[in-house]
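Note sheet for the following structure.
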RNA sequence: GUCCCCAUCGUCUAGUCAGGCCUAGGACACCGGCCUUUCACGCCGGCGACAGGGGUUCAAAUCCCCUUGGGGACGCCA
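Residue numbers (the working numbering): 1 to 505.
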């Protein structure tokens, strides 16, 4: 096991949490954090807590909360407790702040935001590091009293130990031992001047209350950890175990964010564009973690079994999408995972996703689940090998589900216009196919071969011409399997209409 | 600017902690070939990396130091 020097902890139930702030949509980075937490909980038969950290009233929105819930649900990362809302615990946060005040671990600071801004700017101009100088810490008791009486607003700051040798350390499950001198930690604010507590306090208090054993979060939280440990120490609470995961960066190597990167990093976008949720999870799991045996594809159960915090890489990874690339509109490896799942997953698991896609596109017919059930399954099976997303079932696959499909200009040029004789040949072929008593890939192939031979033309010409006439493209499954699936009536009809695509000279 | 972290193919990574099995392995992407009525799939092959410099050692991708590069944190945001 990976527990470090917390004696009784290995016998305790593992409890982890995903604690997003509802200030924007759930993005790939956040989803990966949720995934790792979920995996660790499931692996240890633990509890996965969802906590919405909404203490930033100005930026938190109801809509963002819903997006988070929807996103996790879509991914299949079900939580066991929550969602808890951080603001609901405000009383306890304040009570804790007061306790810290009473025990001398915190103090009231009357400096105004404006004063501090001036100091910060001055420090910046002088190119020196700014840290709050702790002047209010030395305020005489009667002055504090006077200011409070007068109603001067104040914040509450944590009184970081000022002993030059003092340090805070913790054993990170990913990064190893992390140590920070107290001198490098300023007296951070834990309660705003309007009385509302800040994240750094709330987070620690809530983790304690929710009995969190492992804090698994992005490496950008690493700098906060010493501060939170200081709070735990002041409160006499044993801190949880920390595991910071490397950040996910964009191709320009800057931290992924909704604000900078737009929809391509949002979860909702992947759902819209036709990703299978588990394919995305599988891909995200590999952004910073690897299996000892080099395996890349996992079922949920397999990943839970294989996953281990100790195998998380320390280096940041790049989410390699290139804006403007239509084919690789997101990380090519993510697309590869999605395509592989679409191609290989059990049909009964894939079909509901295809159904949803066809419904969205208005191509769904109830008969696909009734008398045409077999046909539907066979069709999906036939075409899925070359699709990368579910979306393609309704776009590239449209000709299988509707007579209203489009013809690709290049395909028409290459397979029809190049052979003007097809204008006469295709309807003639249609007549012949219409007479077939059995219409399957064997009988149609026989018909095509003998037809081509009779006419003294290469079979490929009539084969490819037919492909374009019945599907609008030059690519797809083997033609005869395709014809079988399309069915006699539709094939005959489409071939009879073919001359309209080939203008007579 | 200060503090912290990181560094293997274009990208995700194995190998680093316990130095030799590494003329560095896999995956994606890309390129070529085979298969084939097309496109995919599949199979075969190719391209392609230990950031640089010093040490330590019989031996360094692996340990140490420096440099460089990248990232993060420095809010009355979370």
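Think of the CB as a built atom: it goes at the ideal place given N, C-alpha and C, for glycine as much as any other residue.
Three-way DSSP call (helix, strand, coil) for residue i in this model
i           : result
residue 179 : strand
residue 270 : helix
residue 324 : coil
residue 412 : helix
residue 452 : helix
residue 249 : strand
residue 27  : strand
residue 52  : strand
residue 498 : helix
residue 477 : coil
residue 82  : strand
residue 194 : coil
residue 238 : coil
residue 255 : strand
residue 71  : helix
residue 418 : coil
residue 164 : coil
residue 204 : helix
residue 230 : helix
residue 380 : helix
residue 338 : helix
residue 2   : Annotation note: pLDDT 36 at residue 2 (below 50); position unreliable, coordinate value reported separately. In this structure, residue 2 counts as coil in the three-state DSSP scheme.
residue 443 : helix
residue 465 : helix
residue 436 : coil
Proximity below 9 Å, CB of residue i to CB of residue j
i           : j           : result
residue 357 : residue 390 : yes
residue 265 : residue 27  : yes
residue 172 : residue 244 : yes
residue 280 : residue 338 : yes
residue 316 : residue 296 : no
residue 109 : residue 156 : yes
residue 72  : residue 158 : no
residue 429 : residue 468 : no
residue 36  : residue 285 : yes
residue 208 : residue 237 : yes
residue 394 : residue 350 : no
residue 383 : residue 476 : yes
residue 90  : residue 23  : no
residue 318 : residue 354 : no
residue 487 : residue 439 : yes
residue 130 : residue 120 : yes
residue 75  : residue 277 : yes
Cβ-Cβ separation, residue j to residue i (assumed contact under 8 Å), whole Å
i           : j           : result
residue 506 : residue 304 : This structure gives no information on residue 506, because the portion of the chain shown stretches from 1 to 505.
residue 170 : residue 225 : 6 Å
residue 118 : residue 80  : Contact flag wrong, Cβ pair sits at about 48 Å.
residue 423 : residue 504 : 6 Å
residue 306 : residue 291 : 5 Å
residue 55  : residue 240 : Residue 55 to residue 240, Cβ: 19 Å. No contact.
residue 205 : residue 96  : 5 Å
residue 168 : residue 230 : 6 Å
residue 161 : residue 182 : 5 Å
residue 522 : residue 414 : Nothing can be reported for residue 522: it is not among the residues displayed for the chain, which extend from 1 to 505.
residue 34  : residue 69  : With 8 Å as the limit, residue 34 and residue 69 do not qualify as a contact, their Cβ atoms being about 11 Å apart.
residue 479 : residue 455 : Their Cβ separation, rounded to whole angstroms, is 17 Å, which puts residue 479 and residue 455 out of contact at 8 Å.
Opposing strand residues paired with residue i [DSSP bridges]
i           : result
residue 243 : 216
residue 157 : 107, 189
residue 318 : 249
residue 289 : 312
residue 15  : 47
residue 170 : 178
Close-in-space but distant-in-sequence residues of the same chain around residue i (CB under 6 Å, 5 per side omitted)
i           : result
residue 405 : 398, 399, 472
residue 407 : 472
residue 496 : 427, 430
residue 483 : 444, 491
residue 51  : 17, 19, 82, 84
7 Å CB neighbourhood of residue i in its chain, flanking five on each side removed
i           : result
residue 447 : 432, 433, 436
residue 30  : 20
residue 61  : 22
residue 401 : 358, 363
residue 449 : 459
Own chain partners of residue i with C-beta closer than 8 Å, once the 5 adjacent residues on each side are dropped
i           : result
residue 263 : 269
residue 39  : 285, 303, 304, 307
residue 328 : 321, 322, 335
residue 372 : 365
Check: residue i C-beta below 8 Å from any heavy atom of the ligand MN
i           : result
residue 431 : As far as ligands go, the structure on display features none, and thus does not contain the ligand MN.
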